[in-house]
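There are 2 protein chains.
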Amino acid sequence: MERHLDQLLAELKANFLRVGAAVEESIDQAVHSLVERDNGLASEVIRGGADIDRWEVEIEDQCLKLMATQAPVASDLRLLATLIKANYDLERCNDQAVNIAQRTLVLNTMPLLKPLIDIPRMAELARRMVKDALDAFVQCDAAMARQVCLMDEQVDQLRDQIFRELLTYMHFAAQPDTVDRGVNLILISRHLERIGDHASNIAENAIFLVEGRIVRHQKEKLAQHDN
Amino acid sequence: MERHLDQLLAELKANFLRVGAAVEESIDQAVHSLVERDNGLASEVIRGGADIDRWEVEIEDQCLKLMATQAPVASDLRLLATLIKANYDLERCNDQAVNIAQRTLVLNTMPLLKPLIDIPRMAELARRMVKDALDAFVQCDAAMARQVCLMDEQVDQLRDQIFRELLTYMHFAAQPDTVDRGVNLILISRHLERIGDHASNIAENAIFLVEGRIVRHQKEKLAQHDN
Numbered sequence: 004m005e006r007h008l009d010q011l012l013a014e015l016k017a018n019f020l021r022v023g024a025a026v027e028e029s030i031d032q033a034v035h036s037l038v039e040r041d042n043g044l045a046s047e048v049i050r051g052g053a054d055i056d057r058w059e060v061e062i063e064d065q066c067l068k069l070m071a072t073q074a075p076v077a078s079d080l081r082l083l084a085t086l087i088k089a090n091y092d093l094e095r096c097n098d099q100a101v102n103i104a105q106r107t108l109v110l111n112t113m114p115l116l117k118p119l120i121d122i123p124r125m126a127e128l129a130r131r132m133v134k135d136a137l138d139a140f141v142q143c144d145a146a147m148a149r150q151v152c153l154m155d156e157q158v159d160q161l162r163d164q165i166f167r168e169l170l171t172y173m174h175f176a177a178q179p180d181t182v183d184r185g186v187n188l189i190l191i192s193r194h195l196e197r198i199g200d201h202a203s204n205i206a207e208n209a210i211f212l213v214e215g216r217i218v219r220h221q222k223e224k225l226a227q228h229d230n
Numbered sequence: 004m005e006r007h008l009d010q011l012l013a014e015l016k017a018n019f020l021r022v023g024a025a026v027e028e029s030i031d032q033a034v035h036s037l038v039e040r041d042n043g044l045a046s047e048v049i050r051g052g053a054d055i056d057r058w059e060v061e062i063e064d065q066c067l068k069l070m071a072t073q074a075p076v077a078s079d080l081r082l083l084a085t086l087i088k089a090n091y092d093l094e095r096c097n098d099q100a101v102n103i104a105q106r107t108l109v110l111n112t113m114p115l116l117k118p119l120i121d122i123p124r125m126a127e128l129a130r131r132m133v134k135d136a137l138d139a140f141v142q143c144d145a146a147m148a149r150q151v152c153l154m155d156e157q158v159d160q161l162r163d164q165i166f167r168e169l170l171t172y173m174h175f176a177a178q179p180d181t182v183d184r185g186v187n188l189i190l191i192s193r194h195l196e197r198i199g200d201h202a203s204n205i206a207e208n209a210i211f212l213v214e215g216r217i218v219r220h221q222k223e224k225l226a227q228h229d230n
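Top to bottom, those sequences are chains B and D. Here the first sequence is numbered in our numbering, starting from 4 and rising by one per residue. Here the second sequence is numbered in our numbering, starting from 4 and rising by one per residue.
So this is what it looks like as structure tokens:
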């Protein structure tokens with residue numbers, strides 16, 4: 004019975020990683036569609052998001068079934084409870100990729116605002132955070148999870164920098180079009196920020212899983228500048 | 004033993020509602036501090052947010068302890084697993100109230116942009132969604148939960164309307180100051196939108212609890228306009 008549960012948990016983790024890889028690809032493609040002004044690719048991300056949503060519902064379902072039928076105790080129970088939360092965060096990463104693709108479709112109806120500034124760099128960081136957070140979670144690697152939380156600070160710095168630079172553009176080229184494009188790019192940077200936040204949450208859950216303590220709220224959230 | 008678990012679950016639900024009431028008050032106060040340009044109140048929301056964070060960690064801790072020590076089955080197990088998720092969403096509502104208070108402190112350094120448009124109305128709707136979602140969750144009232152999901156559509160409509168109106172302001176009074184204030188108000192409306200989203204998630208969890216099926220993703224997310 005014990006071995007059977009081990010095997011079921013291993014399958015569950017593998018499924019979780021598979022969904023994670025699909026979410027990473029969605030983030031990549033959403034930002035690629037923005038950079039390349041590729042409506043077809045943006046639409047693909049939106050369609051693919053619905054598939055990912057379904058897989059995530061299945062994972063949660065599997066967690067609840069294992070809880071109910073296998074009577075897991077101690078660390079297995081904690082794994083399942085934490086996986087429900089991590090899966091919830093992964094689902095939100097997917098939502099944000101879809102939001103970026105939807106906003107790209109809007110932006111592609113307007114002329115290009117020359118600089119995407121550091122948005123592609125911010126996207127690459129956010130995508131890597133998701134990958135590393137999932138790996139840290141599945142491999143129970145608290146050190147890697149802590150690296151993810153540190154990367155979130157870089158993402159937040161980029162968010163602030165992008166915000167300032169886009170505002171400056173909007174100030175000096177104060178035409179309706181520039182304002183619209185600037186605001187849409189600011190909102191895309193917020194979607195990326197949220198992906199970083201969710202990846203951090205997954206990483207914090209990984210640390211909880213390994214060390215049995217809840218680390219969220221310990222970095223002083225309130226001190227962070229949310230500009 | 005069985006009765007003992009019932010009592011522990013009732014206490015847990017009561018704690019959850021207490022934290023929920025504190026979060027509702029934070030949302031109220033954050034928007035009040037915006038409307039009244041009250042920096043003291045905004046700072047209070049930011050300080051209070053840290054307390055609420057701690058209470059939420061305690062609730063999750065209680066859920067995990069009950070899972071580990073009481074070996075709950077069937078509906079009790081489902082309640083605990085779902086409460087972990089709902090608590091997670093409530094925590095995010097609190098984060099959003101703190102974000103609004105932080106952004107209010109920024110806005111209060113600038114002259115008032117005359118209209119707050121429908122932001123107070125949007126805030127009132129979002130706050131009510133949180134209240135009703137928690138009541139629906141604790142009282143296992145699927146009908147009330149469905150009402151919450153419908154209210155989310157109103158919140159999204161207000162978000163779109165506010166976005167359009169603020170862009171128009173920014174177009175026609177294209178001064179740096181107007182752009183800055185307009186962008187900050189747009190971001191506040193996004194924080195309120197996210198409160199509505201989290202309340203919807205809690206409501207969907209309430210429906211899951213009552214009816215045993217996962218309703219999220221069933222309303223066609225992808226059709227929604229995220230402008």
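C-beta atoms are modelled at their ideal positions from N, C-alpha and C, and glycine is treated no differently.
Query                                                                                                                                                                           : Result
Is the separation between the beta-carbon of residue 42 of chain B and that of residue 111 of chain B shorter than 7 Å?                                                         : yes
Quick check: the Cα distance between residue 189 of chain B and residue 173 of chain D, rounded to an integer number of angstroms?                                              : 15 Å
In the structure shown, what three-state DSSP assignment does residue 93 of chain B receive?                                                                                    : helix
Against residue 173 of chain B, what residues of chain D qualify as contacts under a CB-to-CB distance less than 7 Å, listed in chain order?                                    : 182
Can you tell me which of D:156, D:185, D:69 and D:121 puts its alpha carbon nearest to the alpha carbon of residue 80 of chain B?                                               : D:69
Could you tell me the alpha carbon to alpha carbon distance between residue 146 of chain B and residue 13 of chain B, rounded to whole angstroms?                               : 21 Å
So residue 44 of chain B is in the alpha helix (DSSP H); what residue range does that whole segment cover?                                                                      : 42-73
I want to verify the contact list: residues of chain B whose CB lies under 8 Å from the CB of residue 88 of chain D, in sequence order.                                         : 87, 88 and 91
Does the beta carbon of residue 132 of chain D sit closer than 7 Å to a beta carbon anywhere in chain B?                                                                        : no
With 8 Å as the C-beta to C-beta threshold (strictly closer), list the residues of the region 58-82 of chain B near chain D in chain order.                                     : 60, 63, 64, 66, 67, 70, 71, 74, 76, 77, 80 and 81
According to the neighbour-count rule (16 or more other Cβ atoms, all chains shown, within 10 Å of its Cβ), is residue 78 of chain B buried or exposed?                         : exposed
Output the distance between the C-alpha atoms of residue 202 of chain B and residue 192 of chain B, rounded to the nearest integer angstrom.                                    : 15 Å
Buried or exposed for residue 105 of chain D, please, with buried defined as at least 16 other CB atoms from any protein chain shown within 10 angstroms of its CB.             : buried
Once DSSP output is grouped into helix, strand and coil, what is the label at residue 152 of chain B?                                                                           : helix
Would you please state the rounded distance, in angstroms, between the beta carbons of residue 199 of chain D and residue 129 of chain D? I believe it to be under 8 Å.         : 5 Å
Apart from the five residues just before and just after residue 2 of chain B, which ones in its own chain have a Cβ nearer than 6 Å to its Cβ?                                  : Only positions 4 to 230 of chain B appear in the structure, and residue 2 of chain B is not among them; the question remains open.
Counting only beta-carbon separations shorter than 7 Å, does residue 179 of chain D have a partner in chain B?                                                                  : yes
List, in order along the chain, the chain B residues whose C-beta lies closer than 7 Å to that of residue 122 of chain D?                                                       : What residue 122 of chain D touches in chain B: nothing, since even the nearest Cβ is about 16 Å away.
Using a Cβ cut-off of 9 Å, pull out every chain D residue sitting near residue 170 of chain B, in sequence order please.                                                        : 179, 182, 183 and 186
Taking Cβ positions, are residue 67 of chain B and residue 141 of chain B nearer each other than 7 Å?                                                                           : no
Taking Cβ-Cβ distances shorter than 9 Å, what residues in chain B pair up with residue 189 of chain D?                                                                          : 186, 189 and 190
Please check the pair residue 61 of chain B and residue 134 of chain B, which I expect to be a contact at CB under 8 Å, by giving their CB distance rounded to whole angstroms. : About 21 Å separates the two Cβ atoms, so there is no contact after all.
Could you give the first and the last residue of the continuous alpha helix (DSSP H) run that contains residue 183 of chain D?                                                  : 179-214
By the 10 Å Cβ neighbour count, where 16 or more other Cβ atoms means buried, how is residue 263 of chain B classified, buried or exposed?                                      : The structure shown has nothing for residue 263 of chain B, since chain B only spans 4 to 230.
So, with DSSP's three-state summary, where would you put residue 112 of chain D?                                                                                                : coil
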